[in-house]
Structure formats: structure tokens, C-alpha cells
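Student: Numbered according to our numbering, the sequence shown spans residues 251 to 698.
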Amino acid sequence: MRDLTKGKPMKLIVMFALPLLIGYVLQLFYSLVDTRIVGSVLGETALAAVGATTSLSSMIVGFLQGLTNGFAVVVARFFGAHDEQGVKRTVAASLTLALGMSVTLTFLVLVGLKPILRMIHVGDDIFALSYQYIFVIFAGMTVSMLYNICASLLRAIGDSVTPLIFLFVSVLLNVFGDLFCICVLGMGVSGAAFATVVAQLIAFLACLVYIRAKYPILHLSKKHFVFSSGLVRELMGSGLSMGLMGCLVNIGSVALQTGINTLGQSIIVAHTAARKITELFMMAFGVIGMTMATYAGQNFGAGEMERVKQGVRDALKLMFVWCTLVVLCSYTMAPILIRLVTGTSNDVVITNATAYLRFDTILYFVTAIIIVLRNTMQGIGDHVTPIVSSGIECIGKIIVVNVLVAPLGYWGIIVAEPITWIFMVIPLIVQYLRNPVLNGKDHTEKQV
251 MRDLTKGKPM KLIVMFALPL LIGYVLQLFY SLVDTRIVGS VLGETALAAV
301 GATTSLSSMI VGFLQGLTNG FAVVVARFFG AHDEQGVKRT VAASLTLALG
351 MSVTLTFLVL VGLKPILRMI HVGDDIFALS YQYIFVIFAG MTVSMLYNIC
401 ASLLRAIGDS VTPLIFLFVS VLLNVFGDLF CICVLGMGVS GAAFATVVAQ
451 LIAFLACLVY IRAKYPILHL SKKHFVFSSG LVRELMGSGL SMGLMGCLVN
501 IGSVALQTGI NTLGQSIIVA HTAARKITEL FMMAFGVIGM TMATYAGQNF
551 GAGEMERVKQ GVRDALKLMF VWCTLVVLCS YTMAPILIRL VTGTSNDVVI
601 TNATAYLRFD TILYFVTAII IVLRNTMQGI GDHVTPIVSS GIECIGKIIV
651 VNVLVAPLGY WGIIVAEPIT WIFMVIPLIV QYLRNPVLNG KDHTEKQV
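As C-alpha cells, this is what we get:
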């Protein structure tokens with residue numbers, strides 16, 4: 251466990267973020283290997299089939315991940331306030347709510363999956379393969395949620411190392427599982443999805459055993475599952491805020507994917523490759539975002555508002571350095587990275603994916619501000635402003651699909667996110683500067 255309310259903010263942020271960063275690298279390594287295996291063994295049609303559903307799976311699975319991260323922010327506040335019983339009650343309520351929502355969402359999505367795929371314009375040539383892949387991913391959503399909530403709870407009490415260890419195990423299992431299911435068993439694209447679900451199940455079980463052995467503060471008894479309506483409201487406020495925040499962003503991405511799916515197989519592959527590399531370029535964004543949510547949550551619980559503001563300044567310094575490195579990489583190595591990810595020599599794929607990366611990375615500095623402020627405000631209990639900002643992004647992407655894709659083709663997709671980033675950062679900056687909690691005018695911790 252690590253108390254983030256004591257010590258130099260920059261050092262604490264870096265030390266907490268490093269294991270998360272390594273974890274993101276591992277996840278991206280698997281994602282890139284998965285893409286290469288599917289593309290090389292099964293061909294570009296299979297890769298396009300998987301890529302056509304990526305935004306959809308990111309939206310729905312990402313909602314559950316955001317939900318569990320939001321629950322963990324509330325746990326972090328009780329941990330920062332040194333309220334052990336509050337931590338236990340919050341963990342019990344989090345597990346109950348997350349399981350209920352996950353099972354319900356899984357049922358609804360699987361029942362309506364084919365119409366959903368039609369709605370996002372998945373082509374007839376790849377429809378069957380897309381359905382096979384995404385059905386398995388969604389059937390395993392509850393497994394994914396269980397692993398994510400265990401990892402989130404560990405991070406909430408300051409342990410960002412242990413989730414990294416279990417993630418490493420999961421990634422290894424994923425890679426070997428892909429090779430076994432696709433190359434040996436001949437399961438096709440559904441084999442890649444099946445390997446992912448099994449790997450996450452094993453990682454969850456290992457993580458659960460470790461928690462039982464090492465962290466009494468997370469041990470629960472029957473009495474902890476009796477919780478107040480106030481606690482449920484606080485958890486749902488935080489969880490739904492972070493879940494909807496990610497969901498709104500991904501709804502916009504699904505809208506973009508709908509437009510991309512009308513531009514042909516080569517463009518689908520180009521965008522799939524570009525997004526895989528974008529995940530690599532943006533891994534620090536997710537790391538710092540998760541770090542700031544936990545850091546702000548613990549310090550909010552301890553009443554240390556000045557430490558929250560100093561943490562924001564330090565996090566932005568780190569992010570701007572990262573953005574500079576990403577821009578340099580984009581303009582020197584983008585075509586090479588595209589070839590490595592896809593294994594293709596298709597000039598249409600390489601040219602379009604490179605254009606996407608080089609244009610968008612220039613505006614990453616704006617995204618850095620968005621990520622730091624949005625997650626900090628979640629940590630201090632502002633659940634509205636981040637959703638408003640994410641809603642702007644969602645609406646912006648939908649407008650782009652309907653206005654720019656027809657006349658500009660893939661360039662309409664390329665300019666979509668940078669345009670929306672500029673508009674969505676404005677309410678975050680305004681609200682951060684005027685927030686009464688950060689200005690010391692209103693810091694009343696909710697007793698729930």
C-alpha cells in the first residue's frame with residue numbers, strides 16, 4: 251500500500267505511474283502481437299473484421315472499466331481519510347453493483363448484437379467473422395470486469411505494482427493462447443477472443459488469491475455487505491460518471507467507425523493499424539489519468555487541496571514531455587510502425603495510417619490537459635464537468651461523420667478528434683479554475 255497524501259507530489263506520481271506505464275506497454279504489446287497474428291495468419295479480411303468492431307468493444311467493455319475505476323476513486327477517498335471500515339463497506343458495495351450491472355449489460359448486448367453490427371455498417375464480406383469475434387468478447391465481459399475491479403481496488407490503496415504482475419501473466423497467456431487457438435486449433439478470429447477471456451479469468455483468480463493473502467483491509471465479511479443508500483449514490487455517481495465519460499468518447503469513436511466502415515477494406519485496415527499505434531502513443535495518457543484519479547481521491551479524502559493542485563502542475567509537465575517525444579516519433583517512424591503492426595506492403599494502408607498519426611499527434615498537448623483535468627476532477631468528486639467535456643467529444647465526432655466524411659473521405663476522420671479536443675478542453679479549464687473545492691471554499695467530505 252502507498253499513501254499518496256505524504257511526500258513530494260512529482261515523485262509520488264512518477265513512482266505510482268511507472269508500474270501502470272509498464273502495464274500499458276504489456277497490454278499494447280499483446281494488442282500489437284494479436285493484430286500481427288490475425289493479419290499474418292488469417293489475412294487482411296480477418297484483420298478488417300476484428301478492426302470493424304474495435305470501437306464497439308471499446309465502448310461497452312470500456313464502460314464497465316470506467317465504472318470500476320469510478321468505484322475505486324471512492325475507495326481511495328476513504329483510504330486517504332484512514333477509514334478502514336469505510337473502505338470495506340465501499341469495496342463490498344462496489345462488487346455488488348459491478349456484478350449486477352455487468353451481467354445485465356452482457357445479456358442485453360448479446361441479444362441485440364447482430365442489429366448493432368448492422369447499425370455500425372459492418373460489411374457483408376466481413377460480417378460473419380466480426381460477429382464470431384465480438385460475440386466471444388462480450389460473452390466474457392463479466393470476467394473482464396472482475397479482473398479490472400480487483401486491479402482498480404489495489405491501485406486505490408496505492409498498490410500499482412501487483413496489478414502489473416498479474417497483467418504480465420495475462421499477456422503471456424494471451425499471446426500463447428492466440429497462437430494455440432488460431433494456429434493449432436484453427437479457431438479463427440474467435441480463437442483470439444477466446445484466448446483473451448481465458449487469460450483474464452486466470453489473472454482475476456490469481457489476483458483474488460493474492461488479495462486474500464496480503465491485504466486484510468480488502469477482506470470482507472457479511473456485515474460489510476449491508477451498506478447505506480448514501481454510499482450507493484456516491485458510488486453510482488462516481489462510477490457512472492467515469493463509465494459514461496469513457497462511453498461517450500467511445501460512442502463518438504463508434505460513429506467514426508461507422509463512417510470508416512463505408513470507405514472500404516484498405517481504409518479499415520489503415521485505421522485499425524493507426525489506432526493500434528495511437529494506443530502506444532497515448533499509453534501515458536491513460537497512465538497519468540488513472541494516477542491522477544487515485545492521487546486526487548486520496549488527497550481529497552485527507553483534505554489536502556494544495557497537494558492536488560501541485561499534482562496537476564507536475565502531471566502536466568510530465569505529459570508535455572511525453573507529447574513532444576510522440577510527435578518526433580510520429581514524423582520519423584510512422585510508416586515503419588505501420589508495416590510492423592500489419593505486416594502489409596499496401597501503399598493505401600501505409601499512406602492513410604501515416605497521415606492520421608502525423609496530423610493527430612500535433613494536438614496531443616491539448617489532450618494532455620484534458621486527461622489530467624478530467625481525472626483530477628473525478629477524484630475530487632466533480633462528476634458532471636468530465637461528462638460534459640466527453641459529451642462535446644461525442645457530439646463532435648457524430649457531426650464529423652455526417653458532414654465531413656462524404657466530401658473528404660478518410661481525411662474527415664483524421665481531423666475529427668483534433669477539432670473536438672479543442673472544444674472539449676474549454677469547459678474543463680474553466681471549471682478547474684473556478685472549482686470551489688480546489689479554491690478552499692467548500693471542502694466537505696461526504697460521510698456515506
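C-beta atoms are modelled at their ideal positions from N, C-alpha and C, and glycine is treated no differently.
Leaving out the 5 sequence neighbours to the left and right, which residues in its chain are closer than 8 Å to Thr392 when beta-carbon positions are compared?
Tutor: Leu349, Ser352, Val353 and Thr356
Student: Would you tell me roughly how many angstroms separate the C-alpha atoms of Phe550 and Tyr397, rounded to the nearest one?
Tutor: 26 Å
Student: Taking Cβ to Cβ, would you say Thr528 is nearer than 8 Å to Leu297?
Tutor: no
Student: Per DSSP, what kind of secondary structure is Ile600 in: helix, strand or coil?
Tutor: helix
Student: Applying the 10 Å Cβ sphere with the 16-neighbour rule, what's the burial state of Ala449?
Tutor: buried
Student: What residue range does the alpha helix (DSSP H) around Phe357 cover?
Tutor: Glu334 to Val361 is the extent of the alpha helix (DSSP H) around Phe357.
Student: At which residues does the alpha helix (DSSP H) containing Ala534 begin and terminate?
Tutor: That run of the alpha helix (DSSP H) goes Met533 to Gly551.
Student: Would Ser305 be called buried (16 or more neighbouring beta carbons within 10 Å of its own) or exposed?
Tutor: buried
Student: Is Asn511 helix, strand or coil by DSSP?
Tutor: coil
Student: What alpha helix (DSSP H) runs, 4 residues minimum, are completely inside the region 389-452?
Tutor: 391-406 and 412-428
Student: Figure out for me which residue from Ile642, Glu554, Leu587 and Gly436 has the closest Cα to the Cα of Val291.
Tutor: Gly436
Student: Out of Cys431, Val419 and Ser344, which one is the CA nearest neighbour of Tyr383?
Tutor: For Tyr383, the nearest C-alpha among the options comes from Cys431.
Student: Would Phe475 and Ala326 qualify as a contact pair, given that the criterion is a beta-carbon distance under 8 Å?
Tutor: no
Student: I'd like to know whether the C-beta of Asp375 is nearer than 8 Å to at least one C-beta of chain D.
Tutor: The structure shown contains no chain D; it is built from a single protein chain.
Student: Classify Pro686 as helix, strand or coil using the three-state DSSP reduction.
Tutor: coil
Student: Taking the straight line between their C-alpha atoms, what separation do you get for Ile642 and Pro657?
Tutor: 23 Å
Student: Taking Cβ positions, are Thr446 and Met395 nearer each other than 8 Å?
Tutor: no
Student: If contacts are defined as beta-carbon pairs under 8 Å, then Pro668 and Phe609 qualify, I think. What distance do you get, rounded to the angstrom?
Tutor: 7 Å
Student: State the CB to CB distance for the pair Glu220 and Thr255, rounded to an integer number of angstroms; the pair is presumed to be in contact (CB under 8 Å).
Tutor: Residue 220 is absent from the model: the chain starts at 251 and stops at 698.
Student: Taking the continuous alpha helix (DSSP H) assigned at Lys567, which residues delimit it?
Tutor: Met555 to Thr592
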